[in-house]
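Asks: Residue numbers (the working numbering), protein chains in the order written: chain S, 1 to 342; chain W, 343 to 684. A virtual CB, placed ideally from N, CA and C, is assigned to each residue, including glycine.
Number of protein chains: 2
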Amino acid sequence: MTDRITLKEVADAAGVHMSTASRALNEQTRDVVNAETVARVLKAARRLGYTPNPLARGLRTNRTMTVGMIIPDIENPLFGPIIAGAAARLGSDGYSLLIADADLKDQASVARVIETLIDRRSDGLILATSARSDPTVAELANRNVAAVLVNRTADASPLPSIVGDDHEGIGLVVQHLVDMGHTEIGHISGPQTMSTGHGRYQAFLSWTQSLGVEVAPTAIEEAAWYRVEAGLHATSALLERRPDITAIVCANDLLAMGAYRAVRQKGLRVGADVAITGYNDTPLLDLLEPPLTSVRVPYRQMGSEAAGLLISMLSSDNGSGSPVSLRLTPTLSVRGSSGPHS
Amino acid sequence: MTDRITLKEVADAAGVHMSTASRALNEQTRDVVNAETVARVLKAARRLGYTPNPLARGLRTNRTMTVGMIIPDIENPLFGPIIAGAAARLGSDGYSLLIADADLKDQASVARVIETLIDRRSDGLILATSARSDPTVAELANRNVAAVLVNRTADASPLPSIVGDDHEGIGLVVQHLVDMGHTEIGHISGPQTMSTGHGRYQAFLSWTQSLGVEVAPTAIEEAAWYRVEAGLHATSALLERRPDITAIVCANDLLAMGAYRAVRQKGLRVGADVAITGYNDTPLLDLLEPPLTSVRVPYRQMGSEAAGLLISMLSSDNGSGSPVSLRLTPTLSVRGSSGPHS
DNA sequence: GCGGATGATACAATCGATTGCTGTCGGCTG
DNA sequence: CAGCCGACAGCAATCGATTGTATCATCCGC
Numbered sequence: 001m002t003d004r005i006t007l008k009e010v011a012d013a014a015g016v017h018m019s020t021a022s023r024a025l026n027e028q029t030r031d032v033v034n035a036e037t038v039a040r041v042l043k044a045a046r047r048l049g050y051t052p053n054p055l056a057r058g059l060r061t062n063r064t065m066t067v068g069m070i071i072p073d074i075e076n077p078l079f080g081p082i083i084a085g086a087a088a089r090l091g092s093d094g095y096s097l098l099i100a101d102a103d104l105k106d107q108a109s110v111a112r113v114i115e116t117l118i119d120r121r122s123d124g125l126i127l128a129t130s131a132r133s134d135p136t137v138a139e140l141a142n143r144n145v146a147a148v149l150v151n152r153t154a155d156a157s158p159l160p161s162i163v164g165d166d167h168e169g170i171g172l173v174v175q176h177l178v179d180m181g182h183t184e185i186g187h188i189s190g191p192q193t194m195s196t197g198h199g200r201y202q203a204f205l206s207w208t209q210s211l212g213v214e215v216a217p218t219a220i221e222e223a224a225w226y227r228v229e230a231g232l233h234a235t236s237a238l239l240e241r242r243p244d245i246t247a248i249v250c251a252n253d254l255l256a257m258g259a260y261r262a263v264r265q266k267g268l269r270v271g272a273d274v275a276i277t278g279y280n281d282t283p284l285l286d287l288l289e290p291p292l293t294s295v296r297v298p299y300r301q302m303g304s305e306a307a308g309l310l311i312s313m314l315s316s317d318n319g320s321g322s323p324v325s326l327r328l329t330p331t332l333s334v335r336g337s338s339g340p341h342s
Numbered sequence: 343m344t345d346r347i348t349l350k351e352v353a354d355a356a357g358v359h360m361s362t363a364s365r366a367l368n369e370q371t372r373d374v375v376n377a378e379t380v381a382r383v384l385k386a387a388r389r390l391g392y393t394p395n396p397l398a399r400g401l402r403t404n405r406t407m408t409v410g411m412i413i414p415d416i417e418n419p420l421f422g423p424i425i426a427g428a429a430a431r432l433g434s435d436g437y438s439l440l441i442a443d444a445d446l447k448d449q450a451s452v453a454r455v456i457e458t459l460i461d462r463r464s465d466g467l468i469l470a471t472s473a474r475s476d477p478t479v480a481e482l483a484n485r486n487v488a489a490v491l492v493n494r495t496a497d498a499s500p501l502p503s504i505v506g507d508d509h510e511g512i513g514l515v516v517q518h519l520v521d522m523g524h525t526e527i528g529h530i531s532g533p534q535t536m537s538t539g540h541g542r543y544q545a546f547l548s549w550t551q552s553l554g555v556e557v558a559p560t561a562i563e564e565a566a567w568y569r570v571e572a573g574l575h576a577t578s579a580l581l582e583r584r585p586d587i588t589a590i591v592c593a594n595d596l597l598a599m600g601a602y603r604a605v606r607q608k609g610l611r612v613g614a615d616v617a618i619t620g621y622n623d624t625p626l627l628d629l630l631e632p633p634l635t636s637v638r639v640p641y642r643q644m645g646s647e648a649a650g651l652l653i654s655m656l657s658s659d660n661g662s663g664s665p666v667s668l669r670l671t672p673t674l675s676v677r678g679s680s681g682p683h684s
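1. Please list, in chain order, all residues of the same chain as A272 of chain S whose beta carbon is under 6 Å from its beta carbon, the five residues on each side excluded.
2. Do you know offhand how far A13 of chain S's Cα is from L55 of chain S's?
3. Could you work out which residues of chain W lie near L80 of chain S, taking near to mean beta carbons separated by less than 8 Å?
4. Comparing alpha-carbon positions, which option in S:G308, S:A237, S:S189, S:I126 lies nearest V277 of chain S?
5. Can you list, in chain order, the residues of its chain with a C-beta nearer than 8 Å to that of V145 of chain S? Leave out the 5 residues immediately preceding and following it.
6. Run through chain S and tell me which residues come within less than 7 Å of A398 of chain W, C-beta to C-beta.
7. Specify the secondary structure class of E168 of chain S as computed by DSSP and reduced to three states.
8. Give me, in chain order, the residues of the same chain whose beta-carbon lies closer than 7 Å to that of P72 of chain S; leave out the 5 immediate sequence neighbours on both sides.
9. For a contact meaning CB atoms closer than 9 Å, what does S96 of chain S contact in chain W?
10. Can you list, in chain order, the residues of its chain whose CB lies under 7 Å from that of D134 of chain S, leaving out five sequence neighbours each side?
11. Does any residue of chain S have a CB that is nearer than 9 Å to the CB of M599 of chain W?
12. May I ask you to report which of helix, strand or coil DSSP gives I248 of chain S?
13. For the alpha helix (DSSP H) containing R642 of chain W, list its first residue and its last residue.
14. Could you tell me the alpha carbon to alpha carbon distance between V375 of chain W and S304 of chain S, rounded to whole angstroms?
15. Which residue from W:K350, W:A426, W:R494 puts its Cα closest to that of T393 of chain W?
16. Could you check which residue in S:S337, S:L310, S:S325, S:T331 has the C-alpha nearest to that of D93 of chain S?
17. Cα-Cα, which of W:Q517, W:L553, W:A593, W:V570 is closest to M536 of chain W?
18. For P160 of chain S and V295 of chain S, what's the separation of their Cα atoms in angstroms?
19. Taking buried to mean at least 16 other C-beta atoms within 10 Å of its own C-beta, is D166 of chain S buried or exposed?
20. When you compare each of S:P158, S:F79, S:D3 to L48 of chain S by their alpha carbons, which one comes out closest?
21. As a quick exercise: from S:R261, S:E75, S:L255, S:G336, pick the residue whose alpha carbon is nearest that of P291 of chain S.
22. By how many angstroms is the C-alpha of M313 of chain S removed from the C-alpha of G319 of chain S?
23. Could you tell me which of W:V492, W:F546, W:P500, W:A489 sits nearest to V515 of chain W, measuring between CA atoms?
24. What residue range is occupied by the uninterrupted alpha helix (DSSP H) comprising R388 of chain W?
25. Where do the N-terminal and C-terminal ends of the alpha helix (DSSP H) with D461 of chain W fall, by residue?
26. Where does the unbroken beta strand (DSSP E) through Y568 of chain W begin, and where does it stop?
27. State whether the stretch 604-613 of chain W contacts the stretch 565-583 of chain W, with contact taken as three or more CB pairs (one from each stretch) at a distance under 8 Å.
28. Does S679 of chain W come out as helix, strand or coil in the three-state DSSP assignment?
29. Let me check understanding here. Comparing Cα to Cα, which of S:P283, S:L328, S:V215 lies closest to T183 of chain S?
30. Can you tell which of W:I347, W:L519, W:G400, W:A366 has its C-alpha closest to the C-alpha of E378 of chain W?
31. Examine chain S for any beta-carbon lying closer than 9 Å to the beta-carbon of I562 of chain W, and answer yes or no.
32. Using a cut-off of 8 Å between C-beta atoms, extract the partners of N594 of chain W located in chain S.
33. Checking 9 Å against the spacing of the C-beta atoms, do S109 of chain S and T458 of chain W come in under that value?
34. Which residues of chain W have a Cβ atom closer than 7 Å to the Cβ of L314 of chain S, listed in chain order?
35. Quick one: list the residues of chain W neighbouring A87 of chain S, beta-carbon separation under 8 Å, in chain order.
36. Considering only DSSP beta bridges, list what R327 of chain S is partnered with.
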């Protein structure tokens, strides 16, 4: 590639020593250098188009200004906004984002990817991978790696996390369905091994109870994965068992898609006969017929907050001041799939 | 973070000099070191858990084993598979992926992001951003930066590119519609400033002509952006002008979504009255009613091939052997939105 | 038994920055 | 006028690897 200007060349051009040039260029140490000299160095640097070599700097300072991010399944559209939000926030603070895509089902792959990121001397990590109980999370905390969980959290996690408020989100849904006159409400839950699946399930139980809606165990079915097929399967089973159900709260939009199919296979109409709600408000799904009522989570903000939190952890000189986890408030996008009880 | 083992420590543990340890650890130079010594060093390295410091290595060798990727709009689900494919291929060759998300509409932002990636001493770049005529592409080539274009290409690009074969893809669509008996076929084209928009438009003209389908200029409408609203707008205008049209080839799935709406606003049925086809075969859109007929492009492979191409450019000792651009063959996913002419 | 080839390892320069320490110079104080 | 201080800039070590060259022992043939 292009030949690059080094600090030495800038220093020579400005007629000073490397070390002086270095101090003049560095905000922190600029004040120990004579103002005129600073100006001279800055001008020379600009004229020559100097950019510091991050490798040399990193080698010396032991900071790479790089943050690693681990995504379980980058093809999931969910992660686009999270990455974008994080990248923007990091970029404005001079950090770059190293992306690694790990297969969540393959524990070893996750560990390997994390190792790669650490070996590369990332200053910190953003993890979108963690299952509810994940040994690697604890290990990271032990190894004293700066890391933040995003979207998902681990049980009693030693790491700070930025997640959506699932309790709040499910509350919006249940409240909405109750308002629409539904009393027989079912739930297609996500995998209970994941924090989102578990949290939304708990929230469903809690809200129905506090709103006085009776929910028998038969009204709940767990989907094995967040997949359309799993949703179809689970919903079929649910409707078979409980034909009286008029509303189904799905833990995720993909499950809701499966529910659409199951409802139709039973010869029922989505929205009119059976109300269906999703979670995530996946783009494009408002184009369905009927459009899906879903909980919108501020994913972009989530990424941004996670990055911000990590940055503050990295720049707090003392390791203390335990960083605070954040729980972002979702909103409900009401659409045609959740009609009133007929 | 954790204290790290250095080469010196490994060397001491093995009772040799740093340089010997270095050569023993390095595949390339291993053969100049006595086999027993190699074994001893390797064992020591493994025992201590040694991982080389990529900064020190990079500083010396001037290679970071890092590839930068520029994405115009990471929230577009299109890019997920491309990133995943590239990341996988790069990872298996020891490279990591630095992701930068640039706002395509903001030329300065693209340039800034590229600069960042270069300043970070990325070994090479994968660009998904380029418009048809993009000054930065030419500049990169001038600066002798190793770079590959993916998904989109620039006119007469000096850089190799991996793209889908739009001519072929549109051919599949047009052939299919002709087979279904359509003779009045319209086209909602993408922005002509982008290679995909332009290429698919040209392909449409070419295929209709060669298949003997008459296409008046009134049967073509350009959408300003790849957005649902733009598709709605363009399709409305098209149908207003040409109510006789029975099939619409859209340059992109989002435009097709807009077309769905426009058709319905006219009181017509998608699939039965007006056939609609998309491009990209975006996940989830097969869940629409009717499900969207679309051209499937092997995006994951695209990312993988782009990474492979870049790697070969980086490792070819001579800069010659001009790397070959690739054009990947798409397939057609026929679904309900493209019914026969009634 | 000696010059020279060979194989194995050690030495030291180098990559490009940061930073603690030293040196210099002018001015101020006692 | 000696001594000291402060402001400024240069010196050189350092980060952790890679790599060209030097060293050294061994062994070969003559």
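Replies: Taking the geometry as given:
1. What you label residue 272 of chain S is simply residue 272 of the first sequence in a count that begins at 1. Answer for A272 of chain S: G339, listed in chain order.
2. Against the first sequence, residue 13 of chain S aligns to sequence position 13. Against the first sequence, residue 55 of chain S aligns to sequence position 55. For A13 of chain S and L55 of chain S, the distance between alpha carbons rounds to 23 Å.
3. For this step, residue 80 of chain S is matched to residue 80 along the first sequence. The displayed chain sequence assigns Gly, not Leu, to residue 80 of chain S. Result: I416, E417, N418, P419, F421, G422.
4. In the first sequence, residue 277 of chain S corresponds to position 277, counting from 1. In the sequence on display, residue 277 of chain S carries Thr and not Val. Measuring from the Cα of T277 of chain S, the nearest candidate turns out to be S:S189.
5. The residue given as residue 145 of chain S occupies position 145 in the first sequence. Counting only Cβ-Cβ distances below 8 Å, and skipping sequence neighbours, we find I118, G124, L125.
6. Residue mapping note: residue 398 of chain W aligns to position 56 of the second sequence, counting from 1. Going along chain S in sequence order, the residues near A398 of chain W (Cβ under 7 Å) are L59.
7. Walking along the first sequence from the start, residue 168 of chain S turns up at place 168. Residue state, collapsed to three classes: helix.
8. Against the first sequence, residue 72 of chain S aligns to sequence position 72. Once the five neighbours on either side are set aside, the close Cβ partners of P72 of chain S are A102, L104, A128, T129.
9. Along the first sequence, one-based indexing puts residue 96 of chain S at 96. G410, L440, I441, A442, T458, L459, R462, listed in chain order.
10. Within the first sequence, the letter at position 134 stands for residue 134 of chain S. If we look at D134 of chain S and ignore the five residues flanking it on each side, its Cβ neighbours are A154.
11. Within the second sequence, numbered from 1, the residue matching residue 599 of chain W stands at position 257. True, the Cβ-Cβ gap to chain S drops below 9 Å.
12. In the first sequence, residue 248 of chain S corresponds to position 248, counting from 1. Of the three classes helix, strand and coil, the one that applies to I248 of chain S here is strand, per DSSP.
13. One-based indexing of the second sequence puts residue 642 of chain W at position 300. Per DSSP, R642 of chain W belongs to the alpha helix (DSSP H) from 641-657.
14. Walking along the second sequence from the start, residue 375 of chain W turns up at place 33. Walking along the first sequence from the start, residue 304 of chain S turns up at place 304. Answer to the nearest angstrom: the Cα atoms are 50 Å apart.
15. Taking the first residue of the second sequence as position 1, residue 393 of chain W is located at position 51. The residue with the shortest Cα to Cα distance from T393 of chain W is W:K350.
16. Residue 93 of chain S sits at position 93 when you count from the first residue of the first sequence. Looking at the Cα atoms, S:L310 is the closest of the given residues.
17. Counting from one through the second sequence, the residue named residue 536 of chain W turns up at place 194. The candidate whose alpha carbon is nearest that of M536 of chain W is W:A593.
18. For the purposes of this step, residue 160 of chain S is identified with residue 160 of the first sequence, where counting begins at 1. For the purposes of this step, residue 295 of chain S is identified with residue 295 of the first sequence, where counting begins at 1. Going by the C-alpha atoms only, they are around 24 Å apart.
19. Residue numbering aside, residue 166 of chain S sits at position 166 when the first sequence is read from its first letter. Label assigned to D166 of chain S: buried.
20. For this step, residue 48 of chain S is matched to residue 48 along the first sequence. Among S:P158, S:F79, S:D3, the Cα nearest to that of L48 of chain S is on S:D3.
21. Locating residue 291 of chain S in the first sequence gives position 291, where the first residue counts as 1. Of the listed residues, the one whose Cα sits closest to P291 of chain S is S:G336.
22. For the purposes of this step, residue 319 of chain S is taken as the residue at position 319 of the first sequence. For the purposes of this step, residue 313 of chain S is taken as the residue at position 313 of the first sequence. The predicted position of G319 of chain S is uncertain, since its pLDDT is 49 and thus under 50; a value taken from the coordinates is nonetheless stated next. Between G319 of chain S and M313 of chain S, the C-alpha separation is close to 7 Å.
23. To locate residue 515 of chain W, count along the second sequence from 1; it is residue 173. The residue with the shortest Cα to Cα distance from V515 of chain W is W:F546.
24. Mapped onto the second sequence, residue 388 of chain W falls at position 46. Note, R388 of chain W: alpha helix (DSSP H), 377-390.
25. In the second sequence, the residue the question calls residue 461 of chain W occupies position 119. Note, D461 of chain W: alpha helix (DSSP H), 449-461.
26. Position 226 of the second sequence, counting from 1, holds the residue named residue 568 of chain W. Neither: Y568 of chain W is in no beta strand (DSSP E) and is coded neither H nor E.
27. yes
28. The residue labelled residue 679 of chain W in the question sits at position 337 within the second sequence. Correct three-state label for S679 of chain W: coil.
29. Within the first sequence, residue 183 of chain S is the residue found at index 183, counting from 1. It is S:V215 whose Cα lies nearest to the Cα of T183 of chain S.
30. For the purposes of this step, residue 378 of chain W is identified with residue 36 of the second sequence, where counting begins at 1. The shortest C-alpha separation from E378 of chain W is found at W:A366.
31. By one-based count along the second sequence, residue 562 of chain W stands at place 220. No, I562 of chain W lies away from the interface with chain S (no Cβ there is under 9 Å from its Cβ).
32. Counted from its first residue, the second sequence places residue 594 of chain W at position 252. Ordered by position in chain S, no residue passes the 8 Å Cβ test against N594 of chain W, which lies about 12 Å from the chain.
33. Residue numbering aside, residue 109 of chain S sits at position 109 when the first sequence is read from its first letter. Residue numbering aside, residue 458 of chain W sits at position 116 when the second sequence is read from its first letter. No; because the gap between Cβ atoms is not below 9 Å, this pair is not in contact.
34. Locating residue 314 of chain S in the first sequence gives position 314, where the first residue counts as 1. Per Cβ cutoff of 7 Å: no residues; L314 of chain S is ~11 Å from chain W at best.
35. For this step, residue 87 of chain S is matched to residue 87 along the first sequence. What A87 of chain S touches in chain W: I416, I441, A442, D443.
36. Numbered from its first residue, the first sequence carries residue 327 of chain S at position 327. The partner list for R327 of chain S (beta bridge, DSSP) reads S:V163.
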